[in-house]
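Enquirer: All you need for my numbering is the position in the sequence shown, starting with 1, plus 580.
Backbone N, C-alpha and C define an ideal beta-carbon position, used for all residues, glycine too.
Computed from a predicted structure; not experimentally measured.
Let me begin by handing over the structure; questions about it come next.
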Amino acid sequence: MADSSKPLTDEEVKLLQDSWNILAENKKKNGVKLFMKLFERYPDAQQMFKSFRNVPLKDLDYDGETTKSNRRMVAHGLSVMYAMESYIDSLDDMDCLIELVRKTALAHLKRDVGVKEFMWMIPVTHDLIDYATAGMDGLDLGAIKAAWKKILTLVAELVGEEAKAGDV
(Lines of atoms letter the chains of each structure in order from A and count residues from 1; the text may use other names and numbers.)
(Lines give C-alpha, C1' and ligand atoms only; values in the text may rest on other atoms or scores of the structure.)
Protein backbone atom coordinates (compact mmCIF):
# COMPACT_ATOMS: atom_id res chain seq x y z
CA MET A 1 0.00 0.00 0.00
CA ALA A 2 3.01 2.32 0.22
CA ASP A 3 2.07 4.31 -2.82
CA SER A 4 -0.08 7.32 -3.53
CA SER A 5 -3.07 5.38 -4.87
CA LYS A 6 -6.47 6.43 -3.64
CA PRO A 7 -7.70 3.75 -1.24
CA LEU A 8 -10.79 5.70 -0.14
CA THR A 9 -13.78 6.83 -2.15
CA ASP A 10 -14.90 10.46 -2.06
CA GLU A 11 -17.91 9.36 -0.01
CA GLU A 12 -15.69 7.61 2.54
CA VAL A 13 -13.48 10.69 2.82
CA LYS A 14 -16.56 12.83 3.49
CA LEU A 15 -17.83 10.37 6.11
CA LEU A 16 -14.44 10.42 7.84
CA GLN A 17 -14.25 14.20 7.77
CA ASP A 18 -17.82 14.70 8.97
CA SER A 19 -17.50 12.15 11.76
CA TRP A 20 -14.13 13.61 12.72
CA ASN A 21 -15.81 16.99 13.15
CA ILE A 22 -18.03 15.37 15.79
CA LEU A 23 -15.11 13.65 17.53
CA ALA A 24 -13.00 16.81 17.44
CA GLU A 25 -15.61 18.92 19.21
CA ASN A 26 -14.01 17.86 22.49
CA LYS A 27 -10.58 16.40 21.78
CA LYS A 28 -9.57 16.07 25.42
CA LYS A 29 -12.70 14.23 26.50
CA ASN A 30 -12.88 12.03 23.40
CA GLY A 31 -9.14 11.32 23.49
CA VAL A 32 -9.44 10.02 27.04
CA LYS A 33 -12.63 8.11 26.15
CA LEU A 34 -10.74 6.44 23.30
CA PHE A 35 -8.20 5.11 25.78
CA MET A 36 -10.81 4.22 28.37
CA LYS A 37 -12.58 2.15 25.75
CA LEU A 38 -9.26 0.59 24.68
CA PHE A 39 -8.42 -0.39 28.26
CA GLU A 40 -11.94 -1.71 28.90
CA ARG A 41 -11.97 -3.79 25.73
CA TYR A 42 -8.31 -4.87 25.89
CA PRO A 43 -7.12 -4.78 29.53
CA ASP A 44 -3.61 -5.87 28.49
CA ALA A 45 -3.27 -2.61 26.58
CA GLN A 46 -3.24 -0.62 29.81
CA GLN A 47 -0.19 -2.55 30.98
CA MET A 48 1.71 -1.40 27.89
CA PHE A 49 1.74 2.15 29.29
CA LYS A 50 4.15 2.62 32.17
CA SER A 51 2.22 5.67 33.40
CA PHE A 52 -1.14 3.87 33.38
CA ARG A 53 -0.19 0.39 34.63
CA ASN A 54 -2.25 -0.80 37.54
CA VAL A 55 -4.06 2.55 37.85
CA PRO A 56 -7.80 2.07 38.35
CA LEU A 57 -9.69 3.21 35.26
CA LYS A 58 -11.83 5.55 37.33
CA ASP A 59 -8.67 7.45 38.24
CA LEU A 60 -7.70 7.85 34.58
CA ASP A 61 -11.08 9.04 33.34
CA TYR A 62 -11.71 12.68 32.49
CA ASP A 63 -14.93 14.58 33.07
CA GLY A 64 -13.62 18.00 32.15
CA GLU A 65 -11.26 18.35 35.08
CA THR A 66 -7.59 17.41 34.94
CA THR A 67 -6.33 15.77 38.12
CA LYS A 68 -2.94 14.52 39.26
CA SER A 69 -3.94 10.94 38.43
CA ASN A 70 -5.28 11.63 34.92
CA ARG A 71 -3.10 14.46 33.57
CA ARG A 72 -0.88 12.10 31.56
CA MET A 73 -3.96 10.33 30.21
CA VAL A 74 -5.46 13.65 29.15
CA ALA A 75 -2.20 14.68 27.47
CA HIS A 76 -1.77 11.35 25.70
CA GLY A 77 -5.39 11.25 24.59
CA LEU A 78 -5.08 14.77 23.21
CA SER A 79 -1.86 13.86 21.42
CA VAL A 80 -3.54 10.88 19.76
CA MET A 81 -6.51 13.02 18.73
CA TYR A 82 -4.16 15.48 17.02
CA ALA A 83 -2.42 12.60 15.25
CA MET A 84 -5.80 11.34 14.05
CA GLU A 85 -6.69 14.86 12.95
CA SER A 86 -3.50 15.02 10.88
CA TYR A 87 -4.57 11.80 9.16
CA ILE A 88 -8.02 13.22 8.39
CA ASP A 89 -6.46 16.48 7.18
CA SER A 90 -4.23 14.48 4.82
CA LEU A 91 -6.89 12.34 3.16
CA ASP A 92 -6.45 14.40 0.00
CA ASP A 93 -2.67 13.76 -0.03
CA MET A 94 -1.95 10.06 0.37
CA ASP A 95 1.82 10.56 0.20
CA CYS A 96 1.63 12.86 3.22
CA LEU A 97 -0.75 10.52 5.04
CA ILE A 98 1.59 7.58 4.47
CA GLU A 99 4.52 9.51 5.90
CA LEU A 100 2.50 10.60 8.94
CA VAL A 101 1.52 7.00 9.60
CA ARG A 102 5.11 5.80 9.12
CA LYS A 103 6.25 8.29 11.77
CA THR A 104 3.59 6.97 14.16
CA ALA A 105 4.49 3.38 13.29
CA LEU A 106 8.18 3.83 14.01
CA ALA A 107 7.48 5.44 17.39
CA HIS A 108 5.13 2.61 18.37
CA LEU A 109 7.17 -0.28 17.02
CA LYS A 110 10.02 0.80 19.30
CA ARG A 111 7.63 0.09 22.17
CA ASP A 112 6.55 -3.29 20.77
CA VAL A 113 3.19 -1.93 19.65
CA GLY A 114 2.50 -3.53 16.30
CA VAL A 115 -0.17 -4.46 13.82
CA LYS A 116 -2.30 -6.41 16.31
CA GLU A 117 -2.51 -3.45 18.67
CA PHE A 118 -3.25 -1.02 15.84
CA MET A 119 -6.07 -3.32 14.72
CA TRP A 120 -7.52 -3.01 18.23
CA MET A 121 -8.23 0.60 17.33
CA ILE A 122 -10.97 -0.40 14.89
CA PRO A 123 -13.55 -1.64 17.43
CA VAL A 124 -12.33 0.95 19.95
CA THR A 125 -12.89 3.78 17.47
CA HIS A 126 -16.30 2.30 16.66
CA ASP A 127 -17.08 2.38 20.39
CA LEU A 128 -15.94 6.02 20.53
CA ILE A 129 -18.15 6.89 17.57
CA ASP A 130 -21.13 5.30 19.33
CA TYR A 131 -20.31 7.31 22.46
CA ALA A 132 -19.78 10.63 20.66
CA THR A 133 -22.84 10.32 18.43
CA ALA A 134 -25.29 9.03 21.04
CA GLY A 135 -28.63 10.74 20.52
CA MET A 136 -27.74 12.17 17.11
CA ASP A 137 -30.19 11.44 14.34
CA GLY A 138 -29.59 11.08 10.63
CA LEU A 139 -26.16 9.47 10.78
CA ASP A 140 -25.34 6.33 8.83
CA LEU A 141 -23.25 4.76 11.57
CA GLY A 142 -22.68 1.62 9.52
CA ALA A 143 -21.11 3.61 6.68
CA ILE A 144 -19.15 5.81 9.09
CA LYS A 145 -17.73 2.78 10.91
CA ALA A 146 -16.91 1.07 7.60
CA ALA A 147 -14.92 4.15 6.51
CA TRP A 148 -13.04 4.23 9.83
CA LYS A 149 -12.34 0.51 9.53
CA LYS A 150 -10.89 1.10 6.10
CA ILE A 151 -8.57 3.94 7.14
CA LEU A 152 -7.49 2.20 10.36
CA THR A 153 -6.77 -1.00 8.44
CA LEU A 154 -4.59 1.06 6.11
CA VAL A 155 -2.76 2.43 9.15
CA ALA A 156 -2.22 -1.10 10.50
CA GLU A 157 -0.96 -2.29 7.10
CA LEU A 158 1.57 0.53 7.03
CA VAL A 159 2.68 -0.39 10.55
CA GLY A 160 3.20 -3.93 9.26
CA GLU A 161 5.28 -2.65 6.35
CA GLU A 162 7.48 -0.68 8.74
CA ALA A 163 7.87 -3.72 10.99
CA LYS A 164 8.97 -5.85 8.03
CA ALA A 165 11.37 -3.16 6.85
CA GLY A 166 13.06 -3.41 10.23
CA ASP A 167 14.10 0.24 10.39
CA VAL A 168 13.09 0.43 14.03
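Under the three-state reduction of DSSP, which class applies to Thr646: helix, strand or coil?
Expert: Thr646 falls in the coil class under three-state DSSP.
Enquirer: With DSSP collapsed to three states, give me the class of Asp583.
Expert: Low confidence applies here, because Asp583 scores a pLDDT of 46, under 50, leaving its location unreliable; read the following figure in that light. In this structure, Asp583 counts as coil in the three-state DSSP scheme.
Enquirer: Please report the straight-line C-alpha distance between Met716 and Met628, rounded to a whole angstrom.
Expert: Looking at the two C-alpha atoms, the distance is approximately 34 angstroms.
Enquirer: With burial defined as no fewer than 16 other Cβ atoms inside 10 Å of the residue's Cβ, what is the status of Val723: buried or exposed?
Expert: In the sequence as presented, Val is not what sits at residue 723; that position holds Ala. Label assigned to Ala723: exposed.
Enquirer: Could you check where the alpha helix (DSSP H) with Leu618 kicks off and where it finishes?
Expert: That run of the alpha helix (DSSP H) goes Lys607 to Arg621.
Enquirer: For Val660, which residues in the same chain have their Cβ closer than 6 angstroms to its Cβ, ignoring the five residues on either side in sequence?
Expert: Closer than 6 angstroms at the Cβ level, and outside the excluded window around Val660, lie Gly611.
Enquirer: What are the boundary residues of the alpha helix (DSSP H) that includes Gly740?
Expert: Here the alpha helix (DSSP H) through Gly740 covers Leu721 to Ala745.
Enquirer: Please go through the same chain and pick out, in chain order, the residues whose beta-carbon is closer than 6 angstroms to the beta-carbon of Ala736, but skip the five residues on each side of it.
Expert: So the list reads Val695, Phe698 and Met699, once near-sequence residues are dropped.
Enquirer: Note the first and the last residue of the continuous alpha helix (DSSP H) segment covering Arg601.
Expert: Reading off the sequence, residue 601 comes out as Asn, not Arg. Asp590 to Leu603 is the extent of the alpha helix (DSSP H) around Asn601.
Enquirer: Hey, Ala727 and Glu592: beta-carbon distance below 7 angstroms or not?
Expert: Against a cut-off of 7 angstroms, the Cβ pair of Glu592 and Ala727 comes out as a contact.
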